[in-house]
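Protein chains in written order, with the working numbering: chain R, 1129 to 1429; chain W, 671 to 958.
Even for Gly, the Cβ is constructed at its ideal location relative to N, Cα and C.
Single-structure report; data block below.
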Amino acid sequence: MRAAWVLRTVRRQAGLHRLTVLAAGASFFLLALLAGTSRLGARVVARWGGLVGQNVHLLVYLGDEMDEGTSRDLAEILRRVPTVAQVAIVEPTQAFARFKTSALSFGADGKTVETLEPAYFPRSIEVRLIPASDLETRADDLAKRLRGVPGVVQVDAMGAGLSRLSAWSSFGKRLGAGALIALALLDVVAFVAVFVRLRTALARRAAVLVQLGETTSGIRLPSGLWMAVAAAIGGAVAATTLSLLWRPLVARIEHSLGILGTSPLPALGRAEVATGLAVLIAFGMALGCFATPVPQSDSHG
Amino acid sequence: MRPIAPASALRNQKVSAAEHLAYDPFVLWLEGVCCQRGGVPVIDTVTFGVARSELIVVQGEAGSGKSTLLELAAALRTPDRGAVWFAGRNISTLQQASLPFVRRNIGYATTDPLLVLEDSALDNVAMALAVRGETPRRALELARDALAWVGAADLEERAVSTLSAGQKRVVALARAVAGPPSLIVADEPGAGAGDHLRATIVTVLGAARDAGAAVLAATADSSLADRLVELGGRRIHLEQGRVAGAPAVGLVPDFTPAPTADLPPVALTPVRDLEACVEGSPARKGPA
Chain R
1129 MRAAWVLRTV
1139 RRQAGLHRLT
1149 VLAAGASFFL
1159 LALLAGTSRL
1169 GARVVARWGG
1179 LVGQNVHLLV
1189 YLGDEMDEGT
1199 SRDLAEILRR
1209 VPTVAQVAIV
1219 EPTQAFARFK
1229 TSALSFGADG
1239 KTVETLEPAY
1249 FPRSIEVRLI
1259 PASDLETRAD
1269 DLAKRLRGVP
1279 GVVQVDAMGA
1289 GLSRLSAWSS
1299 FGKRLGAGAL
1309 IALALLDVVA
1319 FVAVFVRLRT
1329 ALARRAAVLV
1339 QLGETTSGIR
1349 LPSGLWMAVA
1359 AAIGGAVAAT
1369 TLSLLWRPLV
1379 ARIEHSLGIL
1389 GTSPLPALGR
1399 AEVATGLAVL
1409 IAFGMALGCF
1419 ATPVPQSDSH
1429 G
Chain W
671 MRPIAPASAL
681 RNQKVSAAEH
691 LAYDPFVLWL
701 EGVCCQRGGV
711 PVIDTVTFGV
721 ARSELIVVQG
731 EAGSGKSTLL
741 ELAAALRTPD
751 RGAVWFAGRN
761 ISTLQQASLP
771 FVRRNIGYAT
781 TDPLLVLEDS
791 ALDNVAMALA
801 VRGETPRRAL
811 ELARDALAWV
821 GAADLEERAV
831 STLSAGQKRV
841 VALARAVAGP
851 PSLIVADEPG
861 AGAGDHLRAT
871 IVTVLGAARD
881 AGAAVLAATA
891 DSSLADRLVE
901 LGGRRIHLEQ
911 GRVAGAPAVG
921 LVPDFTPAPT
931 ADLPPVALTP
941 VRDLEACVEG
951 SPARKGPA
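As structure tokens, this is what we get:
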């Protein structure tokens, strides 16, 4: 069969099986969307993990009487505590800079913020503990002990925030995974339906072509091609949708949650999109080819 | 009468299909073919050939093995014993993947034709020509001619699903003769047809034969067989899977090799595929 005839068959078959083509395109769109969302979702969760409170579990505010050297000694002692992962001293200028960024991102008046002085902010020590299920208890214990240290004005164990954050984080992850699994199952059902419908629709055509002397690859090629086209279109629409909607959506969510990130929002790279599309097209081609049943006409006796 | 040996010897040589037909006129040659169904012999040691520009009508009662014989001729079935030669190649020993290259040179029409129901009659006929490698424009042109030939020009654009059983058989006949191919195999071509259509069928098969095709038709209807014989066809009686009357060798007509230039042109382009395929793939270990 010549290429011109194959293209004609592709066009006509796609026209004859419009519903199946649409269903296939939608299934490929959903598949690409799920894959892209999972990949981007994982990156956003990682970003949030790094951003939320900068992974600080304990804030130790120091009084004016504690000089820089003593602060460093206290930080050094804290570093030696077995459950402590990281300790950092935040100077008043750093604290002021952070406050300014936060205030401005929430729409505060710039002039008012400028009137504040860095010296207003106390020196503090940020403590990050090694993550474990007893994180809250350990943070409370350490806070109790630090409150007795001379020069320490206040200790914030962030108990309420930590437990809420961990609960929300776990709930969010489960919800996200559940939604993705449900959509993936729905997509599998859609693909099975497309496969069965295609198989039924193409069975007779395949039998006719076998009798007329078409080769197996010649019989399967048209359906493989138009499924590949459906996959390419579905994948391209999904990639466009993600590139247009993902960043504004995540920015909106971050804004509503009060999460402030300085790094750019994650997006899919060109190579990732190209690889994804190639995989999707190959999958479409294979689905179309294998959905076409080729009966064995030759038999003995 | 002539012995089979020289022709058989020729068949084993590496010659092109066109060269082969210049020396051996047989498009199809069945040699001692046997076929069983469920352990019961349906075809029993049948030997005969169909030369190009020849019309053979196989006449026999229902259950005599006509349809099975035609399936063997159309490369849709492989014999349990014996050999089926097409254009000088023993197709009984071909691999499954090579058989399509043989089938595309054969127009096959049955009483219960396989057609793509959602396609138009024109597309169904053109499909056979497209498989043979014709361009879409040429395939549609030849398909229109074939439909006009069988008196079904008015059915061109109609979807096959909207046609009656008789009209479907006419479309299948048009598909079988479109081109025409090297070999036309028609199983009960006149079944359920009225007088006018039967006359058309006889005329079309005769015209295809005159255009250089080898025509093999099978029917239980003696009046249709008579009309085909009157047209210059040869009759073979099939009884319980055996050729009745004369021995197989007696069916072979006298033949004197003629120079290629004297032979009428036959559409053999698709046979090139067969040659390439046969030469490119190892022969299957077929039945004895």
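Would you kindly report the start and end of the unbroken alpha helix (DSSP H) that includes threonine 748/W?
The count along the second sequence starts at 1 and reaches residue 748/W at position 78. Segment: none, threonine 748/W is in no alpha helix (DSSP H) and carries neither H nor E.
Would you report the Cα separation of alanine 1307/R and serine 1166/R, rounded to the nearest angstrom?
Here residue 1307/R is taken as the residue at index 179 of the first sequence, counted from 1. Here residue 1166/R is taken as the residue at index 38 of the first sequence, counted from 1. Their Cα atoms are separated by approximately 11 angstroms.
Are the segment 1190 to 1201 of chain R and the segment 1349 to 1364 of chain R touching, with three or more C-beta to C-beta distances below 8 angstroms?
Touching, no, given that fewer than three Cβ pairs across the two stretches are closer than 8 angstroms.
Using DSSP's beta-bridge definition, name the partner residues of proline 711/W.
The residue you call residue 711/W lines up with position 41 of the second sequence. Gln706/W, per the DSSP bridge assignment.
Answer with buried or exposed for isoleucine 1409/R, where buried requires no fewer than 16 other C-beta atoms within 10 angstroms of its C-beta.
Translated into the one-based positions of the first sequence, residue 1409/R becomes position 281. Answer is buried; the Cβ neighbour count reaches 16.
Output yes if chain R places a C-beta closer than 8 angstroms to the C-beta of alanine 798/W; else output no.
Locating residue 798/W in the second sequence gives position 128, where the first residue counts as 1. With 8 angstroms as the cut-off, alanine 798/W counts as an interface residue toward chain R.
Going by beta-carbon coordinates alone, are valine 716/W and valine 786/W separated by less than 8 angstroms?
Mapped onto the second sequence, residue 716/W falls at position 46. Mapped onto the second sequence, residue 786/W falls at position 116. No, Cβ-Cβ distance for valine 716/W and valine 786/W is not below 8 angstroms.
So the alpha helix (DSSP H) isoleucine 1409/R belongs to, where does it begin and stop?
Against the first sequence, residue 1409/R aligns to sequence position 281. From DSSP, the alpha helix (DSSP H) with isoleucine 1409/R extends over 1398 to 1419.
Could you please give the first and the last residue of the uninterrupted beta strand (DSSP E) stretch that includes glutamate 856/W?
Along the second sequence, read from residue 1 onward, the residue named residue 856/W stands at position 186. Looking at the sequence provided, one finds alanine at residue 856/W rather than glutamate. Start and end: 853 to 857.
Is it right to say threonine 748/W is buried, meaning 16 or more other beta carbons lie within 10 angstroms of its own, or is it exposed?
For the purposes of this step, residue 748/W is identified with residue 78 of the second sequence, where counting begins at 1. So threonine 748/W counts as buried.
Do we get a CB-CB distance below 8 angstroms when we pair valine 1149/R with the residues of chain W?
Taking the first sequence and counting its residues from 1, the one referred to as residue 1149/R is at position 21. Chain W contact via Cβ: absent.
Going along chain W, which residues have a C-beta under 8 angstroms from arginine 1136/R?
Here residue 1136/R refers to the residue found at position 8 of the first sequence. What arginine 1136/R touches in chain W: Pro806.
Is any beta-carbon of chain R found at less than 8 angstroms from that of glycine 803/W?
Indexing the second sequence from 1 puts residue 803/W at position 133. Closer than 8 angstroms: yes.
With burial defined as no fewer than 16 other Cβ atoms inside 10 Å of the residue's Cβ, what is the status of phenylalanine 771/W: buried or exposed?
Within the second sequence, the letter at position 101 stands for residue 771/W. Counting Cβ neighbours within 10 Å, phenylalanine 771/W comes out buried, since at least 16 surround it.
Using C-beta distances below 7 angstroms, list every residue in its chain close to isoleucine 871/W, excluding the 5 sequence neighbours before and after it, in chain order.
As a working note, residue 871/W is residue 201 in the second sequence. Closer than 7 angstroms at Cβ, skipping near neighbours: Leu843, Pro859, Gly860 and Ala863.
Hey, is leucine 1349/R's beta-carbon within less than 8 angstroms of any beta-carbon in chain W?
Looking up residue 1349/R in the first sequence gives position 221. Cβ-Cβ to chain W under 8 angstroms: no for leucine 1349/R.
Tell me serine 1252/R's beta-bridge partners as DSSP assigns them.
Position 124 of the first sequence, counted from the start, is the residue given in the question as residue 1252/R. Serine 1252/R pairs with Tyr1189/R and Val1218/R.
Rounded to the nearest angstrom, what separates leucine 833/W and alanine 800/W at their Cα positions?
Taking the first residue of the second sequence as 1, we reach residue 833/W at position 163. Taking the first residue of the second sequence as 1, we reach residue 800/W at position 130. Leucine 833/W and alanine 800/W: Cα-Cα distance of roughly 23 angstroms.
Using a beta-carbon distance below 8 angstroms, is alanine 850/W in contact with chain R?
Looking up residue 850/W in the second sequence gives position 180. With the sequence shown as reference, residue 850/W is identified as proline, and alanine is not the correct amino acid for it. Closer than 8 angstroms: no.
At a CB-CB cut-off below 7 angstroms, which residues of chain R make contact with leucine 785/W?
Here residue 785/W is taken as the residue at index 115 of the second sequence, counted from 1. Near leucine 785/W (Cβ distances below 7 angstroms), the residues of chain R are Val1336.
Taking only runs of the alpha helix (DSSP H) that begin and end inside the segment 802 to 872 of chain W, which ones reach a length of at least 4 residues, in chain order?
Counting only runs of 4 or more, we get 806 to 819 and 835 to 847.
List the residues of chain R that valine 772/W touches, going by C-beta distances under 9 angstroms, in chain order.
Within the second sequence, residue 772/W is the residue found at index 102, counting from 1. Going along chain R in sequence order, the residues near valine 772/W (Cβ under 9 angstroms) are Gly1341.
When the Cα atoms are used, what is the spatial distance from valine 841/W to alanine 1414/R?
Position 171 of the second sequence, counted from the start, is the residue given in the question as residue 841/W. Position 286 of the first sequence, counted from the start, is the residue given in the question as residue 1414/R. If you take the alpha carbons of valine 841/W and alanine 1414/R, they lie about 33 angstroms apart.
Identify the contact partners of glutamate 788/W in chain R, using a Cβ-Cβ distance below 7 angstroms as the criterion.
Here residue 788/W corresponds to residue number 118 of the second sequence, with the count starting at 1. Near glutamate 788/W (Cβ distances below 7 angstroms), the residues of chain R are Leu1144.
When DSSP labels each residue in this structure, what does leucine 1168/R get in the three-state scheme?
Here residue 1168/R is taken as the residue at index 40 of the first sequence, counted from 1. Three-state DSSP puts leucine 1168/R in a helix.
Have a look at cysteine 1376/R and leucine 1396/R and give me their C-alpha separation to the nearest angstrom.
Position 248 of the first sequence, counted from the first residue, corresponds to residue 1376/R. Position 268 of the first sequence, counted from the first residue, corresponds to residue 1396/R. Note that residue 1376/R is proline in the sequence shown here, rather than cysteine. Cα to Cα, the separation comes out at about 14 angstroms.
List the residues of chain R whose Cβ lies closer than 7 angstroms to the Cβ of leucine 894/W, in chain order.
To locate residue 894/W, count along the second sequence from 1; it is residue 224. The contacting residues do not exist; leucine 894/W stays about 23 angstroms from chain R at best.
Could you work out which residues of chain W lie near arginine 1327/R, taking near to mean beta carbons separated by less than 9 angstroms?
Translated into positions along the first sequence, residue 1327/R becomes position 199. Correct list: empty, because the minimum Cβ distance to chain W is about 15 angstroms.
How about alanine 1247/R and leucine 1257/R: are their beta carbons less than 8 angstroms apart?
Position 119 of the first sequence, counting from 1, holds the residue named residue 1247/R. Position 129 of the first sequence, counting from 1, holds the residue named residue 1257/R. Not closer than 8 angstroms, so no.
Could you confirm whether any beta carbon from chain R is found closer than 8 angstroms to the beta carbon of leucine 843/W?
One-based indexing of the second sequence puts residue 843/W at position 173. Judged by the 8 angstroms Cβ criterion, leucine 843/W is not in contact with chain R.
Given a limit of 7 angstroms on CB to CB distance, which residues of the segment 729 to 746 of chain W reach chain R?
Within the segment 729 to 746 of chain W, the residues whose Cβ lies closer than 7 angstroms to some Cβ of chain R are Leu746, listed in chain order.
Looking only at C-alpha atoms, which of Phe696/W, Lys736/W, Leu901/W and Leu700/W sits nearest to alanine 856/W?
Your numbering for residue 856/W matches position 186 in the second sequence. Ranking the options by Cα distance to alanine 856/W, first place goes to Lys736/W.
Which residue's Cα is closest to the Cα of valine 1407/R: Val1338/R, Gly1164/R and Glu1254/R?
Position 279 of the first sequence, counted from the start, is the residue given in the question as residue 1407/R. Comparing Cα-Cα distances from valine 1407/R to each of Val1338/R, Gly1164/R and Glu1254/R, the minimum goes to Gly1164/R.
Got a sec, what are the start and stop residues for the beta strand (DSSP E) valine 1283/R sits in?
Taking the first sequence and counting its residues from 1, the one referred to as residue 1283/R is at position 155. Run containing valine 1283/R: 1280 to 1284, per the beta strand (DSSP E) assignment.
Between the segment 703 to 710 of chain W and the segment 887 to 903 of chain W, do at least 3 Cβ pairs fall closer than 8 angstroms?
Not touching, per the Cβ criterion.
Between alanine 816/W and alanine 848/W, is the Cβ-Cβ spacing less than 8 angstroms?
Residue numbering aside, residue 816/W sits at position 146 when the second sequence is read from its first letter. Residue numbering aside, residue 848/W sits at position 178 when the second sequence is read from its first letter. Result yes, Cβ atoms of alanine 816/W and alanine 848/W sit closer than 8 angstroms.
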